[in-house]
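Structure record follows, encoded as structure tokens.
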Amino acid sequence: GYTGILEEAFEGYSDYTKIIYSHSIRSEMQNQSADVNVDDETFCVYISGIDVFGAIETNSRSDVNIIAVVNPSTHQILLVTTPRDYYVEIPGISGGQKDKLTHAGIYGVDASMATLEELYDTDIDFYARVNFTSLIEIVDALGGVEVESEYAFTTSTDSGKVVNVVQGLNSFDGEEALAFSRERHNIPGGDNQRGKDQQAVITAMIKKLVSPAILTGANGILNSVSGNVETNMSNSQIQELIKTQLAESPSWNITSMAAEGTGDSQYCYSYSGAPLYVMQPDQASVDAIKEAIDAVENGETLEGTATE
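Numbering follows this note's numbering, in which position 15 of the sequence shown is assigned residue number 19; successive positions increment by one, without gaps.
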């Protein structure tokens, strides 16, 4: 986790250093499922995407930070993206000092959840933690996804695969969806647009997941990706969601919002050696997200995209 921070601070860090010894520390976290009736009570899921391949249990920077607010009664889903560089406090960790949101991930998913709960003054019931390997395998298990892109561009080699993205609808396999989600250099808006693109991939995955063709084979898909997703949602809660969707086949309304801010250079709790690039939160956008979360919890339907 800390290696990523050093790579941010020192250009070429990984090129001029080598690992001669590594030591792992394992710690237990509360993994109890929230007591929520997911078939009729509104719940929030924190989707954390960490910037590594391989074992999902590894703590690392959380580069994808999306809250999904789900109201199963109104069939409304609100996806909220918070930029990785958002300059925020990490409750219980930073002692009032501020840090990048992405750095909360090195202290565990519970630290990231607490940070977002404080930012938006809400409770997060569940988390789903994935990494690069997870996304590839999940999308491939779904048979690929259809993703809407706001811009036409070509992903860079830094994104893992060179993909020619067209404006409009794109058919992606797992590696292509990952490259699209990671790209920030070859698109207008940089990291802000990357957050929107990540929401587009999540939206495409939700649309595929709620289709009857996928739901009837959901248990097989869950088994194939279970080792690549870490979640505190219980199996019984997951099965209840599947059963309700199969029985009712409702169309879901999906709305996306993104927190905004202004680029800055500040000292961070996790690395005090020099100022790092951060994003100062735009309070108006944070307040708008708070209002939208409240609206979904109160049964309101927002403007968005419908699933079939």
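For each residue, glycine too, the CB sits at the ideal point set by N, CA and C.
Give the DSSP-derived three-state secondary structure of residue 242 in the structure shown. Along the sequence shown, one-based indexing puts residue 242 at 238. Helix.
Looking only at DSSP bridge pairs, what is residue 121 linked to? Indexing the sequence shown from 1 puts residue 121 at position 117. BP columns for residue 121 are empty, so no partner.
Candidates 88, 76, 80, 42: which alpha carbon is nearest residue 64's? Within the sequence shown, residue 64 is the residue found at index 60, counting from 1. Measuring from the Cα of residue 64, the nearest candidate turns out to be 88.
Beta-carbon separation of residue 164 and residue 186 under 8 Å? Start at 1 with the first residue of the sequence shown, and residue 164 comes out as number 160. Start at 1 with the first residue of the sequence shown, and residue 186 comes out as number 182. A contact, by the Cβ cut-off of 8 Å.
Less than 8 Å between the CB atoms is what I'm expecting for residue 208 and residue 167, so what's the real figure, rounded? Translated into the one-based positions of the sequence shown, residue 208 becomes position 204. Translated into the one-based positions of the sequence shown, residue 167 becomes position 163. The Cβ separation is near 15 Å, so there is no contact.
List, from N- to C-terminal side, the beta strand (DSSP E) runs of 3 residues or more that fit wholly inside the region 135–170. 149–153
Does the Cβ of residue 171 have 16 or more other Cβ atoms within 10 Å, making it buried, or fewer, making it exposed? Working through the sequence shown from its first residue, we reach residue 171 at position 167. Burial call: exposed.
Which residue spans inside the region 38–77 form an unbroken beta strand (DSSP E) run of at least 3? 47–54, 66–75
With a CB to CB cut of under 8 Å and the five nearest residues on each side skipped, what residues in its chain are close to residue 233? On the sequence shown, residue 233 is found 229 positions in, with the first residue counted as 1. Hits under 8 Å: 60, 132, 133, 134, 138, 142.
Please report the residue range of the alpha helix (DSSP H) in which residue 196 lies. To locate residue 196, count along the sequence shown from 1; it is residue 192. Element bounds for residue 196: 194–213.
Can you tell me where the alpha helix (DSSP H) with residue 229 in it begins and where it stops? In the sequence shown, counting from the first residue as 1, residue 229 sits at position 225. From DSSP, the alpha helix (DSSP H) with residue 229 extends over 222–229.
If you compare alpha carbons, which of 53, 130, 84 is closest to residue 110? Mapped onto the sequence shown, residue 110 falls at position 106. The shortest Cα separation from residue 110 among 53, 130, 84 belongs to 53.
Whole angstroms are fine: how far does the CA of residue 119 sit from the CA of residue 56? Residue numbering aside, residue 56 sits at position 52 when the sequence shown is read from its first letter. Residue numbering aside, residue 119 sits at position 115 when the sequence shown is read from its first letter. If you take the alpha carbons of residue 56 and residue 119, they lie about 21 Å apart.
Spatial neighbours of residue 188 within its chain, please: C-beta separation below 6 Å, excluding the five flanking residues on both sides. Along the sequence shown, one-based indexing puts residue 188 at 184. Result list for residue 188: 194, 195, 198, in chain order.
Hey, which unbroken runs of the alpha helix (DSSP H) at 4 residues or more fall wholly within the region 78–124? 113–124
For residue 103, count the other beta carbons within 10 Å of its own beta carbon; 16 or more makes it buried, fewer makes it exposed. Which is it? Taking the first residue of the sequence shown as 1, we reach residue 103 at position 99. Looking at its Cβ environment, which holds 16 or more other Cβ atoms inside 10 Å, residue 103 is buried.
Relative to the C-alpha of residue 227, which residue among 78, 239, 80 is closest? For the purposes of this step, residue 227 is taken as residue 223 along the sequence shown, with counting starting at 1. If we check each option's Cα against that of residue 227, 239 comes out closest.
Please state whether DSSP places residue 182 in a helix, a strand or coil. The sequence position of residue 182 within the sequence shown is 178, counting from 1. Here residue 182 sits in helix by DSSP.
Distance CB(residue 221)-CB(residue 78) smaller than 8 Å: Along the sequence shown, read from residue 1 onward, the residue named residue 221 stands at position 217. Along the sequence shown, read from residue 1 onward, the residue named residue 78 stands at position 74. For residue 221 and residue 78, no; Cβs fall outside 8 Å.
Mind checking who residue 280 pairs with in its DSSP beta bridge? What you label residue 280 is simply residue 276 of the sequence shown in a count that begins at 1. Looking at the DSSP assignment, residue 280 forms a beta bridge with 270.
Measuring CB to CB, does residue 258 end up less than 8 Å from residue 210? Position 254 of the sequence shown holds residue 258. Position 206 of the sequence shown holds residue 210. Yes. Within cutoff.
Just to confirm, is the Cβ distance from residue 40 to residue 51 under 8 Å? Taking the sequence shown and counting its residues from 1, the one referred to as residue 40 is at position 36. Taking the sequence shown and counting its residues from 1, the one referred to as residue 51 is at position 47. Not a contact, by the Cβ cut-off of 8 Å.
From 75, 74, 92, residue whose alpha carbon lies closest to that of residue 290: Along the sequence shown, one-based indexing puts residue 290 at 286. That would be 92, whose Cα lies nearest to the Cα of residue 290.
How many angstroms separate the CA atom of residue 308 from the CA atom of residue 140? For the purposes of this step, residue 308 is identified with residue 304 of the sequence shown, where counting begins at 1. For the purposes of this step, residue 140 is identified with residue 136 of the sequence shown, where counting begins at 1. Taking the straight line joining both Cα atoms gives about 26 Å.
According to DSSP, is residue 259 helix, strand or coil? Taking the sequence shown and counting its residues from 1, one reaches residue 259 at position 255. Reduced to three states, the DSSP call for residue 259 is strand.
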